[in-house]
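Chemist: Attaching a single structure in structure tokens format; questions to follow.
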Amino acid sequence: QQLVEKAAQAGVVTLAVCDHDNIDGVLIARQVGQQCGVQVISGSFQQFRAERNKLIVDKINTLLVTKGMEPLDFERVKARADGTVGRPHIAMELMEAGHVKTMEDAFNKYLVPCNIPKRFFPVDEAIDLIHSAGGVAVLAHPPYVTRDGEKMEKLLNELVAVGLNGIEVYNNGATSSEIEWYLTQARLRQLLVTGGSDFHGIEEGGAELGKVRAIGAIPTSCAEVLLKRIEEN
Numbered sequence: 303q304q305l306v307e308k309a310a311q312a313g314v315v316t317l318a319v320c321d322h323d324n325i326d327g328v329l330i331a332r333q334v335g336q337q338c339g340v341q342v343i344s345g346s347f348q349q350f351r352a353e354r355n356k357l358i359v360d361k362i363n364t365l366l367v368t369k370g371m372e373p374l375d376f377e378r379v380k381a382r383a384d385g386t387v388g389r390p391h392i393a394m395e396l397m398e399a400g401h402v403k404t405m406e407d408a409f410n411k412y413l414v415p416c417n418i419p420k421r422f423f424p425v426d427e428a429i430d431l432i433h434s435a436g437g438v439a440v441l442a443h444p445p446y447v448t449r450d451g452e453k454m455e456k457l458l459n460e461l462v463a464v465g466l467n468g469i470e471v472y473n474n475g476a477t478s479s480e481i482e483w484y485l486t487q488a489r490l491r492q493l494l495v496t497g498g499s500d501f502h503g504i505e506e507g508g509a510e511l512g513k514v515r516a517i518g519a520i521p522t523s524c525a526e527v528l529l530k531r532i533e534e535n
């Protein structure tokens, strides 16, 4: 509710509410949006980390048992996270169990030594999955991928070949000149131009709803063309 009201105050007309692995708050957000004049789109970050985090806890438990210490209960870790489990949740459970005194100790003594490398989802499979759900596949905040122009052009060509539909041109990682460059790249490949503030609720020095640092307000056309394409799918 507060997020949508804040968006309305900022002059945002279309807002994607995205949480990690769930859409629980979207219904309320839409109701508030109708009252505030903000179109709310349901979004969700789908992650593929659950198996990895369970393996990390299993590895930590093996180490704890060899030391004669009580193993962690993964169900308690999940309950603490109340959603997507991350390594900080495991660290907090280690602290509560009395195995470490600080988060830093938890990482140094257990989480780093017992880390399991991330397994990345193949991009062609991810794009196919998005398309099968009636979605539009967009490359998010490209500056965080690479700022090397040649590498980005090569990547875009490879992604277009497997079905990429758009680029998040307006993003908080890009300078004004980079935004212009991404616009050119999108037009050359007939890709949709999208934008997002990536607002996480952190106000000091963070992102502003409906804006990107380099140019200010994100053009409303970004949402319009995206929604039109989704309707056509």
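For reference, each letter of the sequence shown is one residue, going 303 to 535 in our numbering. Glycine is no exception: its CB is placed at the ideal position from the N, C-alpha and C atoms.
Figure out for me which residue from 327, 330, 329, 336 has the closest Cα to the Cα of residue 314.
Modeler: 336
Chemist: Here's a check: name, in chain order, each residue in its chain whose Cβ is nearer than 8 Å to the Cβ of residue 494, leaving out the five neighbours to either side.
Modeler: 438, 440, 467, 468, 469, 488, 527, 528, 531
Chemist: From the DSSP secondary-structure annotation, give me the bridge partner or partners of residue 513.
Modeler: 519
Chemist: Starting from residue 353, trace the alpha helix (DSSP H) in both directions and tell me its first and last residue.
Modeler: Its alpha helix (DSSP H) spans residues 352-368.
Chemist: Starting from residue 497, follow the beta strand (DSSP E) in both directions and report where the run begins and ends.
Modeler: Counting along the chain, residue 497 sits inside the beta strand (DSSP E) bounded by residues 494-497.
Chemist: Looking at residue 512: is its Cβ nearer than 7 Å to the Cβ of residue 499?
Modeler: yes
Chemist: Counting beta carbon pairs with one atom in the segment 355-373 and one in the segment 398-414, are three or more of them shorter than 8 Å?
Modeler: yes
Chemist: Count the C-beta pairs between the segment 448-458 and the segment 414-433 that are closer than 8 Å, then say yes if the count reaches three, no if not.
Modeler: The answer is no - the segment 414-433 does not touch the segment 448-458, with fewer than three Cβ pairs under 8 Å.
Chemist: Where residue 534 and residue 435 are concerned, what is the direct C-alpha to C-alpha distance, given to the nearest angstrom?
Modeler: 13 Å
Chemist: Shorter than 7 Å from the beta carbon of residue 392 to some beta carbon of chain B?
Modeler: Looking for chain B here will not work: only one protein chain is present.
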